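Note that our numbering has the sequence shown beginning at 1318, numbered continuously upward. Just so it is clear, CB atoms sit at the ideal spot from N, CA and C, and this is done for glycine as well. The model shown is predicted, which means the values in this text are computed figures rather than measured ones. For reference, the structure discussed in these notes is given below.
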Amino acid sequence: MKHFWLFSLFVISSYGWTQNISTYEKPPVFEVCNQEDVQDLKACFNYTLSTFIFENFQTPEIVIKENYQGDIQVLFEVNVEGQFKIIYIDAIYEVLKTESERVFQMLPQIKPATSNGEPTFSQYSVSISIPLKAPQKQERGSLNETIDTNNDLNATLSNEFDSVNAQIKPYEDLEYSSVLNIPFTHSYYARFDDEMNAIGTNSHTAAKPFIYSEVAKYYDIKTEKETLVKQTDSWIGRKLYNEHLVEVQGKDYWFTVDPILDLQVGSDSEADYSTWNNTRGIFIQAGLGKHFNLSTSVYESQGRFAEYFNNYAESLKAFGPDPAIIPGRGIAKRFKENSYDYPVAEAYLSYTPADFLNIQFGHGKNFIGDGYRSLFQSDVASPYPFLKLNSSFWKIKYTSTWMWLKDVRDAVAVDGAFFTKYMANHYLSWNVSKRLNIGLFESVMWADTNNRGFDVNYLNQIIFFRAIEFQTGQDAGNAILGLSAKYKWNNKVNIYGQFVVDEFSLSDISGGEKSWKNKLGFQLGVKYYNAFKVDNLLLQAEYNQVRPYTYAHNSIILNYAHFNQPMAHLWGSNFRELVLIGRYNYKRWFADAKVIIGERGFDFNTPEDSFNYGGNIYGDEDIRVSDTGIEIAQGNKTSSFMTELQAGYLINPQTNLKLFTNIIYRDFNPQAITASTTSSNTLWFSIGVRTDLFNWYNDF
């Protein structure tokens, strides 16, 4: 016994032929309608669909009990294969939506609509009024109202705005199959690092950030987010815990809009004030068609940090009145008495014209490496403009990046403006076997001197930069070479490393004189996934060391740096370091632990000793302490120990909004106390809520 009576069922196409079927267009055709004349196909389609819904719809109990009268709005499509796909359902009861979905899923595959004889998709809306009654078969032409041909164009124009609005669909999390970047944070990338590094995968994991479609081959981020959904019926609850603040999807476009927050308070044992940060911003992601995406994030921030952090920020001071550069963010103005105001904007366009090529142009950061640190290119400096091409084919991924950087020191400012320099690099990643990956890296830095501007020689993707540098002059550029490797011991353990060469003298190496010209560095690390059979527990150990004067140059504007910050390792050069990391997540809960033990060499910067010992990559090599006998951590030898513990709760998986608490203990002991190098013993505690979209590095 049916409890619904079909009052009306009107099927309205999103195209003009719904009211006036021309001889060139046909609606979808059920099998029972095959013998109908073309003029009767629409009426047959309506009647067959109405009958199917009437015969298969099962009345939800609560609707009967509450004697509900109203309607159900269903927006659906018949695709080019003739399959019914629901786009949107609106009803007062959730059970009515569920039952409508069930009935539409039962519909058979039919012949699709055609336009000029070619299959095409068609969109319709159905209004099912309640109470319902059995459908009545319609006479030929009963739904084919005659329209004055002269009025067709006016009708189309007048309905254009409404037709665009009708294309809006429920948002389907399209970013997870897009060519957008997955915001790069070490903690989040650890969630799918083991899947990306399974034996036999043809993934390339060094060039970061990854794009979603690249990771989707190995890890289903969309499903992961869906498993974390919290059941809530309120709009506020859905937006807080499960969804983007704004989600819009149409036929060939989509976009999301979210607020950005980083609100935290804390205390520093070395300071007589509280620490805090207040970041507000907006984060927009969008897609146009299947191959073009864009993203932008704008931050407005004020903050005051631990004493050692503030001192480092002010040591980075740029030319001009502003007192500091917040590490990894940008120039900071003075806010109140002892705080900073630091606005930041990042954005990029991502275009994939073919499966093997992704092109990005934006303002942001990049990273090359499998470790926590990178000796090739890191994300520790402030954002910069870049153009990046990622090409993937066979067992190879080839990444080319061109960057526009700034030297912001007083000594090189030109007419009150920061000095411009350029950087380009190539990174070729080759999966030699199911277990072994080898990477080749080259990079070159050149400056905007003598109106040289951007040197088109370096636009060539398949040339060696060393040869170009040699042809353009000894001091025209600073080239760096690198070799990386990764070996998958098994599906739980992989070993990775990097070796970087800025400059070297083979005769000096063989002679054992430890020449200053031997500017070398290496990294060696290991990752242990699901450690000790604990799911989602990642353990990582990494050793880094870089010899003095590496990344520097005899022309001091060609150092490997931007905005007074290194473009590779955070410590610059003249150091050795051991990093131990543990990361764990369970559903929405997470915890990270990090220990860093290091030894560094600083300059003394005193009237008695003004030599360059090789730790400052901005230093002048002409005042080096010696030509030979150069050793790591020479100069003002400083030992450092730092541990950082962070734990928290993921409030919204879609936006990566986290509630967290963070504890840092830092012990910094230089051999000699100078104006630029002071002893520090810090305990910094913070608690807050943050939209986690980039890496904060507190370990300098």
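### Query
How should L1449 be labelled, buried or exposed, when 16 other C-beta atoms within 10 angstroms of its C-beta is the threshold for buried?
buried
### Query
Taking the alpha-carbon positions, what's the S1614 to L1497 distance?
13 angstroms
### Query
Given a threshold of 16 other Cβ atoms within 10 Å of its Cβ, counted over all protein chains shown, does K1836 qualify as buried or as exposed?
buried
### Task
Helix, strand or coil for W1806, going by three-state DSSP, please let me know.
coil
#### Entry: Residue from M1720, T1573, K1712, I1685 with nearest C-alpha to Y1701
M1720
### Residue range of the unbroken alpha helix (DSSP H) whose run includes D1510
1510-1513
#### Entry: Collapsed DSSP secondary structure at M1884 in the structure displayed
coil
### Query
Along the chain, which unbroken stretches of the beta strand (DSSP E) at least 3 residues long are found entirely within the stretch 1687-1774?
1701-1710, 1713-1724, 1736-1748, 1753-1764
### Query
Residues bridged to F1892 by DSSP?
V1863, R1917
### Task
Mind reading off the beta-carbon distance from R2007 to S1504? Whole number of angstroms is fine, and I expect it under 8 angstroms.
That pair is no contact at about 11 angstroms.
### As assigned by DSSP and simplified to three states, the class of S1367
helix
### Query
Thinking C-alpha only, which one of K1803, S1699, T1596 is nearest G1688?
K1803
#### Entry: alpha helix (DSSP H) segment containing K1542, residue limits
1538-1544
### Query
I think G1583 touches T1596, with their Cβ atoms under 8 angstroms apart; what is that distance to the nearest whole Å?
G1583 to T1596, Cβ: 14 angstroms. No contact.
#### Entry: Nearest-angstrom beta carbon gap, R1941 and G1931 [assumed within contact, 8 angstroms]
7 angstroms
### Task
Pick out the complete alpha helix (DSSP H) segments inside the stretch 1402-1433, 4 residues or longer, and give them in chain order.
1411-1423
#### Entry: Cβ-based neighbour list, Q1882, same chain, cut-off 8 angstroms, excluding 5 preceding and 5 following
L1633, I1642, P1644, G1645, V1697, A1698, S1699
### Query
Three or more beta-carbon pairs under 8 angstroms between the stretch 1701-1713 and the stretch 1675-1686, yes or no?
yes
### Message
On a Cα-Cα basis, can you pick out the residue from I1990, I2004, L1967, I1516 that is closest to Y1558?
### Response
L1967
### Message
Below 8 angstroms on the Cβ atoms is my contact criterion, and I expect T1955 with F1985 to pass it. Report the Cβ-Cβ distance as a whole number of Å.
### Response
7 angstroms
### Task
For D1511, I'd like the list of residues in its chain whose CB is within less than 6 angstroms of its CB, leaving aside the five on either flank, ordered along the chain.
Y1846
### Message
Please state whether the Cβ-Cβ distance between A1309 and F1921 is less than 8 angstroms.
### Response
The question about residue 1309 has no answer, for the chain in this structure spans 1318 to 2017.
### Query
Opposite K1975 in the DSSP bridges: which residues?
L1967, R2007
### Message
Please identify the residue among L1855, V1749, N1628, D1672 whose C-alpha is closest to the C-alpha of F1509.
### Response
L1855
### Query
Between the stretch 1567-1586 and the stretch 1992-2009, are three or more C-beta pairs nearer than 8 angstroms?
yes
### Buried or exposed (CB count within 10 angstroms, at least 16 for buried), D1469
Residue confidence for D1469 is low, a pLDDT of 46 falling below 50, so the modelled location carries little weight; the figure read from the coordinates is stated next. When all chains shown are included, D1469 counts as exposed.
### Query
By how many angstroms is the C-alpha of L1875 removed from the C-alpha of E1830?
26 angstroms
### Query
Do the stretch 1341-1359 and the stretch 1432-1445 touch if we need at least three Cβ pairs shorter than 8 angstroms?
yes
### Message
Suppose you measure from the CA of A1649 to the CA of Y1629; what does that come to, to the nearest Å?
### Response
13 angstroms
### Message
Using DSSP's beta-bridge definition, name the partner residues of E1948.
### Response
The partner list for E1948 (beta bridge, DSSP) is empty, contrary to what the question assumes.
#### Entry: As assigned by DSSP and simplified to three states, the class of G1399
coil
#### Entry: Residue interval of the alpha helix (DSSP H) (run including L1605)
Element bounds for L1605: not the alpha helix (DSSP H) but the beta strand (DSSP E), 1591-1605.
### Message
Residues in the same chain with beta-carbon distance under 7 angstroms from G1889, minus the five sequence neighbours each way, listed in chain order, please.
### Response
Y1868, P1883, G1932, N1933, I1934
#### Entry: Endpoints, the alpha helix (DSSP H) within which K1831 is located
No alpha helix (DSSP H) holds K1831; DSSP gives it neither H nor E.
### Query
In angstroms, rounded to a whole number, what distance separates the CA positions of E1315 and P1452?
Residue 1315 lies beyond the range of the chain shown here (1318 to 2017); nothing can be said about it.
### Task
Could you tell me if L2010 is buried or exposed, where buried requires 16 or more neighbouring beta carbons within 10 angstroms of its beta carbon?
buried
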